[in-house]
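Numbering (the working numbering), first residue to last: 256 to 468.
All C-beta atoms, glycine included, are put in the ideal place defined by N, C-alpha and C.
Computed from a predicted structure; not experimentally measured.
Below: the structure, in structure tokens.
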Amino acid sequence: NVSRIGPLIDIRREGSIKMPRYHSLLANLEQTSQKPGGFVVYCSLGTVTSGFKKKVKRFFMKIKSVAVRNPEILFVLSTGKDFDINQLLPAPSNLLVFVSVPQVDLLQHCHLMVTHGGMNSITECIYNEVPMLVFPLSPHWDQPGNSARVTFQSLGLQGSILRDSVKSISRKINKIRGNYAFYKQNVVKMKVRFEENNSSTQIVEILQGHFFL
């Protein structure tokens with residue numbers, strides 16, 4: 256008695272964004288994007304990180320080192336409330352750290368997302384035409400399968416959150432950057448497929464069939 260609905264996304268869930276620092280960030284992102292070769296990478300491991308604190312800390316410290324290795328790239332890191340951002344100090348000037356950001360809005364201004372591979376984040380990346388570098392946080396959830404599909408469809412690359420070194424993460428980011436048109440094109444094609452198979456009207460039919468007979 257289960258009905259699979261999707262892909263769907265609530266693009267208005269963030270409402271009016273009243274974060275002065277976030278609006279300053281958007282101005283910074285716009286300046287970066289206008290520069291020749293300007294590239295913005297957004298990194299988030301999602302909201303459910305409390306059970307993976309050591310793994311998350313190690314990965315965020317790697318991202319800090321990746322930013323140091325790539326001063327021409329601007330990194331935006333959203334840590335979530337379970338991580339002490341002071342552990343990243345001093346941060347390089349091209350690494351901007353937030354506890355949380357309005358992700359759906361931010362993705363409109365980014366070139367690449369480094370993600371844990373949750374289905375919501377993947378759907379939001381596709382909707383905003385953003386290629387992905389996926390590092391599954393949990394081996395027991397849907398993230399490994401999601402990341403396999405991202406690579407199979409050439410929407411981005413995947414890595415190991417434990418095994419990948421700073422050098423390896425940097426190399427994968429730059430591989431996507433160096434072949435950006437290829438990955439972007441594939442994400443755009445998937446977005447079209449998503450829109451063609453949007454099941455929002457089907458939800459009404461299913462609910463009416465189950466509850467309003």
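- Task: Please determine, among Tyr-297, Thr-370 and Thr-378, the residue with the shortest C-alpha to C-alpha distance to Ser-415.
- Result: Residue mapping note: residue 415 aligns to position 160 of the sequence shown, counting from 1. Here the closest residue by C-alpha is Thr-370.
- Cα separation between Leu-351 and Leu-329? Along the sequence shown, one-based indexing puts residue 351 at 96. Along the sequence shown, one-based indexing puts residue 329 at 74. Their Cα atoms are separated by approximately 8 Å.
- Coil, strand or helix - Val-356 by DSSP: Against the sequence shown, residue 356 aligns to sequence position 101. The answer is coil: DSSP assigns Val-356 none of H, G, I, E or B.
- Message: Within a Cβ cutoff of 8 Å, which residues of the same chain sit near His-364, ignoring the five residues on either side of it in sequence?
- Response: Within the sequence shown, residue 364 is the residue found at index 109, counting from 1. Excluding the 5 residues flanking it on each side, His-364 has same chain C-beta neighbours closer than 8 Å at Leu-281, Leu-284, Glu-285, Ser-288 and Val-295, in chain order.
- Message: For Trp-396 and Asn-441, what's the separation of their Cα atoms in angstroms?
- Response: In the sequence shown, residue 396 corresponds to position 141, counting from 1. In the sequence shown, residue 441 corresponds to position 186, counting from 1. About 25 Å.
- Message: According to DSSP, is Cys-217 part of a helix, a strand, or is it coil?
- Response: Nothing about residue 217 can be reported from this structure: the residues present for the chain run from 256 to 468 only.
- Within 8 Å, strictly: CB atoms of Asp-360 and Glu-450: Locating residue 360 in the sequence shown gives position 105, counting from the first residue. Locating residue 450 in the sequence shown gives position 195, counting from the first residue. No. Outside cutoff.
- Query: Do the segment 377-396 and the segment 416-427 touch if we need at least three Cβ pairs shorter than 8 Å?
  - Reply: Verdict: yes, contact present.
- Over the uninterrupted beta strand (DSSP E) stretch that includes Val-369, give me the two end residues. Here residue 369 refers to the residue found at position 114 of the sequence shown. Judged by DSSP secondary structure, Val-369 falls within the beta strand (DSSP E) whose first and last residues are 367-370.
- Query: Leu-412 and Lys-430: beta carbons closer than 8 Å?
  - Reply: Residue 412 sits at position 157 when you count from the first residue of the sequence shown. Residue 430 sits at position 175 when you count from the first residue of the sequence shown. Lys-430 is positioned such that its CB atom lies closer than 8 Å to that of Leu-412.
- Message: Within 10 Å of its beta-carbon, does His-366 have 16 or more other beta-carbons around it, so buried, or fewer, so exposed?
- Response: As a position in the sequence shown, residue 366 is number 111, starting the count at 1. Under this definition His-366 is a buried residue.
- Query: Cβ atoms of Val-421 and Val-321: under 8 Å apart, would you say?
  - Reply: Position 66 of the sequence shown, counted from the start, is the residue given in the question as residue 321. Position 166 of the sequence shown, counted from the start, is the residue given in the question as residue 421. Closer than 8 Å, so yes.
- Who are Val-389's beta bridge partners in DSSP? Locating residue 389 in the sequence shown gives position 134, counting from the first residue. Paired residues: Thr-370 and Gln-413.
- Can you tell me which of the three DSSP states Ile-328 falls into? Along the sequence shown, one-based indexing puts residue 328 at 73. It is a strand residue.
- Query: Between Pro-262 and the rest of its own chain, which residues show a CB-CB distance below 6 Å, the 5 nearest in sequence each way excluded?
  - Reply: In the sequence shown, residue 262 corresponds to position 7, counting from 1. Excluding its 5 nearest sequence neighbours in each direction, Pro-262 has C-beta neighbours in its own chain below 6 Å: Thr-378 and Phe-449, listed in chain order.
- Item | Host alpha helix (DSSP H) of Phe-407 (start-end) | Position 152 of the sequence shown, counting from 1, holds the residue named residue 407. According to the DSSP assignment, Phe-407 belongs to the alpha helix (DSSP H) that extends over 398-407.
- Task: Classify Leu-462 as buried or exposed, calling it buried when 16 or more other Cβ atoms lie within 10 Å of its own Cβ.
- Result: Numbered from 1 along the sequence shown, position 207 holds the residue referred to as residue 462. Burial is judged here by how many other beta carbons sit within 10 angstroms of a residue's own beta carbon; Leu-462 has fewer than 16 and is exposed.
- From Asn-434, Asn-452 and Tyr-277, residue whose alpha carbon lies closest to that of Asn-355: The residue you call residue 355 lines up with position 100 of the sequence shown. It should be noted that the sequence gives Ser, not Asn, for residue 355. The shortest C-alpha separation from Ser-355 is found at Tyr-277.
- Item | Residue(s) in a DSSP beta bridge with Leu-350 | The residue given as residue 350 occupies position 95 in the sequence shown. Partner(s): Phe-330.
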